[in-house]
Structures are given as C-alpha cells and as structure tokens.
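What follows is one structure encoded as structure tokens, with my remarks underneath.
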Amino acid sequence: MNKKIYQNIKDSNPVSYLNFFRKILSFCIPLLSPLKELIFYDIFKTTPDFNRVAGQQPKNRVLNRFNGFSFISQLGSLWHLSHNLNQVFPVFPHSRYANNFQNRETVEAVEMAQLSHSPSHHNKLWCCPKINCAEDRLRKIAGIIIIIFTLFLFIFFSGCTPTYKKAGKKSGGRDDSNNWKTFHYNSSRTGLCPFLAPDRGKLKWKLHLVKAVRSSPAINSEGDIFIGSDDGNIYCISPKGNVKWKYQTGGKIFSSPAVGNDGTVYSGSDDSHLYALKPDGTLLWKFKAGGFAGSSPAVSPDGRSIYFGAGDGKIYSLKTNGIKNWEFKTGDWVWSSPSISPEGNVVTGSDDGFVYCLTPDGKLIWKFKTDYSVMSSPAISSEGMIYIGSDDGHLYALTSDGKEKWKFQADYQVGSTPAISHNGDIYFGSEKGTFYALAPDGTLKWKFHAGYDIFSSPAVDADGKIFFGSGNGAFYCLDSNGTQLWKMTFRDAVLSSPAIDKNGLIYVGCMDEYIYCIGRE
Numbered sequence: 010m011n012k013k014i015y016q017n018i019k020d021s022n023p024v025s026y027l028n029f030f031r032k033i034l035s036f037c038i039p040l041l042s043p044l045k046e047l048i049f050y051d052i053f054k055t056t057p058d059f060n061r062v063a064g065q066q067p068k069n070r071v072l073n074r075f076n077g078f079s080f081i082s083q084l085g086s087l088w089h090l091s092h093n094l095n096q097v098f099p100v101f102p103h104s105r106y107a108n109n110f111q112n113r114e115t116v117e118a119v120e121m122a123q124l125s126h127s128p129s130h131h132n133k134l135w136c137c138p139k140i141n142c143a144e145d146r147l148r149k150i151a152g153i154i155i156i157i158f159t160l161f162l163f164i165f166f167s168g169c170t171p172t173y174k175k176a177g178k179k180s181g182g183r184d185d186s187n188n189w190k191t192f193h194y195n196s197s198r199t200g201l202c203p204f205l206a207p208d209r210g211k212l213k214w215k216l217h218l219v220k221a222v223r224s225s226p227a228i229n230s231e232g233d234i235f236i237g238s239d240d241g242n243i244y245c246i247s248p249k250g251n252v253k254w255k256y257q258t259g260g261k262i263f264s265s266p267a268v269g270n271d272g273t274v275y276s277g278s279d280d281s282h283l284y285a286l287k288p289d290g291t292l293l294w295k296f297k298a299g300g301f302a303g304s305s306p307a308v309s310p311d312g313r314s315i316y317f318g319a320g321d322g323k324i325y326s327l328k329t330n331g332i333k334n335w336e337f338k339t340g341d342w343v344w345s346s347p348s349i350s351p352e353g354n355v356v357t358g359s360d361d362g363f364v365y366c367l368t369p370d371g372k373l374i375w376k377f378k379t380d381y382s383v384m385s386s387p388a389i390s391s392e393g394m395i396y397i398g399s400d401d402g403h404l405y406a407l408t409s410d411g412k413e414k415w416k417f418q419a420d421y422q423v424g425s426t427p428a429i430s431h432n433g434d435i436y437f438g439s440e441k442g443t444f445y446a447l448a449p450d451g452t453l454k455w456k457f458h459a460g461y462d463i464f465s466s467p468a469v470d471a472d473g474k475i476f477f478g479s480g481n482g483a484f485y486c487l488d489s490n491g492t493q494l495w496k497m498t499f500r501d502a503v504l505s506s507p508a509i510d511k512n513g514l515i516y517v518g519c520m521d522e523y524i525y526c527i528g529r530e
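Taking the working numbering, the leading residue of the sequence shown gets 10, the next gets one more, and so forth.
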C-alpha cells in the first residue's frame with residue numbers, strides 16, 4: 010500500500026479517509042475487468058434517465074457523492090456505479106463518448122451504431138428481460154462484493170488509527186524511539202514523547218522490588234519495562250506487572266537503564282560496572298570504571314557507542330562490544346547523564362561545576378562554568394539549545410557553542426533534568442518543592458508548589474500534560490497552564506522520573522520499594 014495514503018489514515022483526517030477509498034476503488038475495480046462486459050456494458054442504456062431524475066450531469070453526480078463526509082452515502086452510490094463509473098475511472102469502455110455526448114438520443118445512436126457490429130452484445134442488451142436475469146444477478150453480486158470489501162477496509166483502518174499525536178517541531182531533540190527507551194525519553198533528554206497519557210489517573214498495578222527504587226524506567230518496543238533497585242537487581246517487567254527476569258549486580262542501582270537499537274539493555278551499578286544484558290537477561294559483557302556508575306547511559310543515534318559518567322570523574326565512551334573508545338577526565342564525580350546534541354556531540358555536567366561538550370571522539374569543544382555542582386542532566390532542543398540545572402539554584406540556557414543565553418534563579422538547588430514542551434517551554438522542579446514553567450526566553454510563565462523537594466524529572470505527553478513526583482510521595486499531573494489535573498499519593502518519596510509508554514501507561518518507581526503502573530480510569 011502507498012505509504013503516503015497510509016500516513017493519511019494514521020493522521021485520522023476524514024478527508025484523507027475519502028481520498029483513501031477513492032484510490033482503493035480505482036485500484037480494485039479494474040481487477041474485475043474480466044467481468045466488465047457483464048457488469049458495466051449497459052452504462053449508456055439507463056444513464057440519461059438516471060441523470061434526468063437527479064438533474065445533474067453524470068460526472069458531477071458521482072464526484073459530488075465522493076466529496077461528502079458520509080461514508081454510508083458513498084456506499085449507497087456504489088449501487089449506481091454501473092451507470093456512472095466510466096465518468097470517474099476511464100478504464101471502462103466508451104468513456105471517450107461519455108464526455109462528448111449529453112443527450113439521450115445521441116448516446117443511444119452511438120450505442121446502436123456499436124451494437125450493430127456486435128450481434129452478441131445486441132442480444133445481451135436488448136432481448137427479453139428474462140434472458141438478462143443471470144447477468145443482472147451477476148452485476149448485483151459484484152456490487153455487493155465491492156461494498157463489503159470497501160466496508161471491511163473502512164473498519165480495519167478505523168481500528169488502526171493511533172492513539173497518540175506527533176510531537177511538535179519545537180519538541181526538542183529527535184523522536185528517535187518508538188517507546189521510552191532511555192532516561193527522559195530520548196538521547197537528547199527532552200522528556201517529551203508523542204504518546205497520550207491519561208487525563209485522570211488510576212493505579213493499574215504495583216510490583217514490590219524488595220528495596221527502594223531510585224532508578225527510572227526504560228521501555229523497549231515490546232512494552233517490557235527495565236528498572237533498577239537498591240537490591241542490586243536490574244529487572245525486566247512485563248506490561249502486566251510480572252517479573253520476566255532479573256539480573257543481580259554487585260551494588261545498588263541508581264542509574265536508569267537504556268535500551269539499544271538491537272534490544273540490548275545497558276545499566277550502571279554502584280559496583281562501578283556498566284552492564285550490557287541481552288533481551289533475555291543474560292550477561293553480554295560488563296565494563297569496570299574507576300568509580301560508581303550512577304549516571305544513565307546514552308546510546309548514540311547510530312547505535313554504535315554508549316556514553317556514561319562515573320564516580321572517578323570520567324566520561325566514558327564504549328563500543329557495543331564493551332571495548333572502550335575513549336575516556337575524558339572532569340574535575341569531580343559525574344552523576345549527570347550524558348545527552349547527545351543534534352550535531353552528535355556529547356554534553357554532560359560534573360560535580361566540579363562545569364558543563365562539558367565533547368565531540369563523538371572525545372575531544373573537548375567547550376566547557377561552561379556554573380557556581381556549584383551540576384547533577385542535573387542536559388535537555389537539548391532540536392535547535393541545539395541546552396537547558397541544565399545547577400546546585401547554585403539556577404537553570405541555565407546555553408547555545409550550542411557554550412555561550413550563556415540566559416539563566417533563571419529558582420528558590421533552591423536544581424537537581425532534576427528539565428523537560429522541553431511542544432512550544433519550547435521549559436519545565437523543571439527545585440529541591441524546595443517548587444515546579445517552574447519558563448518561556449523560551451527564560452521568563453516565568455507559572456509555578457506550582459508541590460510542598461516538598463523535587464528530584465524527579467518531569468515527563469510531557471503529546472497533549473502537553475506534565476508528570477512528576479515529589480519527596481512527600483505525591484505524584485502529580487498538571488496541564489500546560491500549571492493546573493493540577495490529578496495526583497496520586499504513595500507511601501514514600503518519589504525520586505524516580507516517570508516514563509510513558511506508547512499505550513499511554515505511566516511507570517514510576519518509589520522509595521517505598523514499589524514500581525507503579527498508572528493508566529486511565
């Protein structure tokens with residue numbers, strides 16, 4: 010099927026549905042050409058009478074039917090296509106005449122002139138009606154088949170209409186995942202996904218993971234959820250809330266897993282290793298860094314490199330077989346998770362107070378100094394703007410060449426990673442419990458008081474709804490104007506950042522040792 014036609018169906022445009030069925034009919038009806046002599050040969054016999062009743066020319070009548078929005082009326086018109094289809098699809102006999110003659114006498118004269126050279130055709134059209142009964146039945150059966158086939162296509166493609174919207178052009182970063190495959194959705198850490206989350210939340214299930222959950226979920230194409238726990242395990246959980254497998258590492262897991270292009274799961278551990286697990290949970294390889302691997306790994310767009318930071322103050326780049334490409338030394342621990350810019354550069358923060366930008370082969374392009382440690386991860390827009398928080402209480406907007414465009418003073422430290430909305434607004438929380446929305450120029454649009462520290466990084470869905478947790482166990486859903494739509498309260502702090510899957514389900518971990526799944530009421 011033509012990809013452009015199918016894309017119109019996915020976009021759920023009623024006019025696109027009509028265009029689609031016009032093209033389907035123009036494709037399918039010629040396939041009945043072996044029957045056209047029986048089904049369509051008497052086009053001219055009744056067309057003038059039929060047109061006189063309607064008061065329109067044949068071409069206009071059929072086109073007017075197909076320009077309406079009523080699918081049922083279009084189906085009804087199919088019963089009359091044996092008299093009119095030659096005006097729409099020029100593959101049938103006599104179409105060259107139909108465009109030139111508009112009165113009954115001229116058309117019948119043309120028919121008789123043709124039929125005089127074809128006795129068999131003359132007998133089919135002008136002899137006793139009883140002789141034509143079998144042919145009439147064949148014509149009706151063929152018409153019914155066309156209608157049933159078209160109705161089947163309509164029902165099928167109506168069921169295929171997706172439940173999500175595309176992210177806007179200013180969504181920030183690439184839409185490089187068909188599910189939430191890494192921390193903050195994509196390798197640019199924008200937190201914005203093209204999936205619709207619920208307007209009103211309902212707990213679908215919760216799963217006990219033995220110890221506290223600080224890690225944030227990642228979701229693969231099949232809908233499986235990957236998350237770490239303080240018990241040292243990397244878990245694979247089915248969309249129904251069952252543990253499919255778990256892999257024991259040697260330390261707590263603060264890192265959020267990332268899913269590679271081939272389904273490999275990458276996650277750091279407090280035991281200083283980065284682990285690569287096959288989709289079935291068996292170890293592919295592990296790489297030992299010089300300190301805890303607390304940042305979440307980033308997979309390059311081509312899937313060939315994995316970047317992560319460690320407690321030895323280094324940023325690492327590994328090949329997909331676990332061999333080190335390079336390492337870059339900063340001045341302190343690297344909790345910040347690396348992000349990838351539209352140019353393919355690697356951007357991350359360090360506890361030394363700097364934001365670093367490196368080439369894909371590990372060369373320093375620039376570094377930017379804040380006034381305190383940087384634990385927040387950068388969110389990078391599609392235009393290359395970099396937004397990152399600092400423990401100095403500011404959110405910084407940096408250009409792609411490392412120049413400060415503006416900074417915003419929050420009421421306390423900014424440890425969460427900002428999210429970028431469809432229209433370029435920036436959302437983030439402070440460790441004093443205030444959630445902010447800034448315009449692209451850095452001016453305050455609104456703020457929301459959660460009442461307790463916000464370490465959780467916000468997620469934004471296709472409708473612009475915002476989801477985040479706070480230290481008092483509350484999980485919030487706000488609209489794009491800062492109005493609370495709903496909230497859910499858990500038994501302990503929510504440090505984990507939420508993930509939204511392509512079916513609109515929200516997953517988030519909690520310090521009460523559970524992972525929660527939230528769906529529609």
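In this text, a Cβ means the ideal position worked out from N, Cα and C, and glycines have one as well.
Could you pull the start and end residues of the beta strand (DSSP E) that residue i belongs to?
i, result
"residue 529", "523 to 529"
"residue 403", "403 to 407"
"residue 446", "443 to 447"
"residue 375", "373 to 378"
"residue 517", "515 to 518"
"residue 461", "That residue, residue 461, is in no beta strand (DSSP E); it is neither H nor E in DSSP."
"residue 421", "Unbroken run through residue 421: none, as it is neither H nor E."
"residue 205", "Careful: residue 205 lies outside any beta strand (DSSP E) and carries neither H nor E."
"residue 317", "314 to 318"
"residue 292", "292 to 297"
"residue 381", "Neither: residue 381 is in no beta strand (DSSP E) and is coded neither H nor E."
"residue 579", "Outside the displayed span of the chain (10 to 530) sits residue 579, for which this structure offers no information."
"residue 325", "323 to 328"
Which partner residues does residue i have in the DSSP bridge list?
i, result
"residue 342", "DSSP lists no partner for residue 342."
"residue 497", "484"
"residue 357", "365"
"residue 413", "407"
"residue 274", "268 and 286"
"residue 245", "235 and 254"
"residue 436", "428 and 446"
"residue 511", "According to DSSP, which records beta bridges pairwise, residue 511 is partnered with nothing at all."
"residue 189", "Beta-bridge pairing links residue 189 to no other residue."
"residue 469", "201 and 475"
Note down the Cα distance separating residue i from residue j, rounded to an integer number of angstroms.
i, j, result
"residue 197", "residue 217", "31 Å"
"residue 156", "residue 187", "36 Å"
"residue 283", "residue 386", "18 Å"
"residue 494", "residue 475", "10 Å"
"residue 293", "residue 287", "6 Å"
"residue 290", "residue 252", "11 Å"
"residue 513", "residue 195", "17 Å"
"residue 336", "residue 352", "20 Å"
"residue 465", "residue 315", "24 Å"
"residue 331", "residue 488", "42 Å"
"residue 423", "residue 417", "11 Å"
"residue 193", "residue 296", "24 Å"
"residue 425", "residue 384", "8 Å"
"residue 482", "residue 519", "8 Å"
For residue i, collect the residues of the same chain with a Cβ closer than 6 Å to its Cβ; drop the 5 residues on either side in sequence, then sort them by chain order.
i, result
"residue 226", "234, 236, 508 and 516"
"residue 530", "209 and 211"
"residue 521", "499, 500 and 501"
"residue 115", "In this prediction, residue 115 has a pLDDT of 46, which is less than 50 and means its spatial position is unreliable; what the coordinates show is noted afterwards. Answer for residue 115: no residue qualifies."
"residue 341", "322, 359, 360 and 361"
"residue 270", "312"
"residue 26", "Unreliable positioning characterises residue 26 in this predicted model, as indicated by a pLDDT of 41, which lies under 50. The coordinate reading is nonetheless provided below. Result list for residue 26: empty, nothing under 6 Å."
"residue 511", "188 and 204"
"residue 525", "215 and 517"
"residue 379", "362, 399 and 401"
"residue 102", "Caution is warranted here: a pLDDT of 36 is assigned to residue 102, below 50, making its placement in the model unreliable, and the coordinate value is therefore given only provisionally. Contacts found: none."
Leaving out five residues on either side along the sequence, give the residues of the same chain with a beta carbon under 8 Å from the beta carbon of residue i.
i, result
"residue 350", "197, 356, 366, 389, 393, 395 and 409"
"residue 479", "438, 442, 459, 460, 461, 462, 463, 465, 485, 502 and 503"
"residue 273", "285, 286, 287, 288, 293 and 329"
"residue 242", "218, 219, 255, 256, 257, 258 and 262"
"residue 320", "281, 298, 299, 300, 301, 302, 303, 342 and 343"
I'd like the list of long-range same chain contacts for residue i, defined as Cβ closer than 7 Å, with 5 residues on each side in sequence excluded.
i, result
"residue 454", "434, 446, 447 and 448"
"residue 381", "362, 399, 400 and 401"
Give a yes or no on whether the minimum CB-CB distance between residue i and chain C is below 9 Å.
i, result
"residue 223", "Considering every chain present, this structure includes no chain C. It has just one protein chain."
- Item | At least three beta-carbon pairs within less than 8 Å, the region 461 to 472 to the region 196 to 205 | yes
- Message: With three or more C-beta pairs closer than 8 Å as the rule, is the region 452 to 463 touching the region 431 to 444?
- Response: yes
- Touch check for the region 301 to 308 and the region 263 to 278: three-plus C-beta pairs under 8 Å? yes
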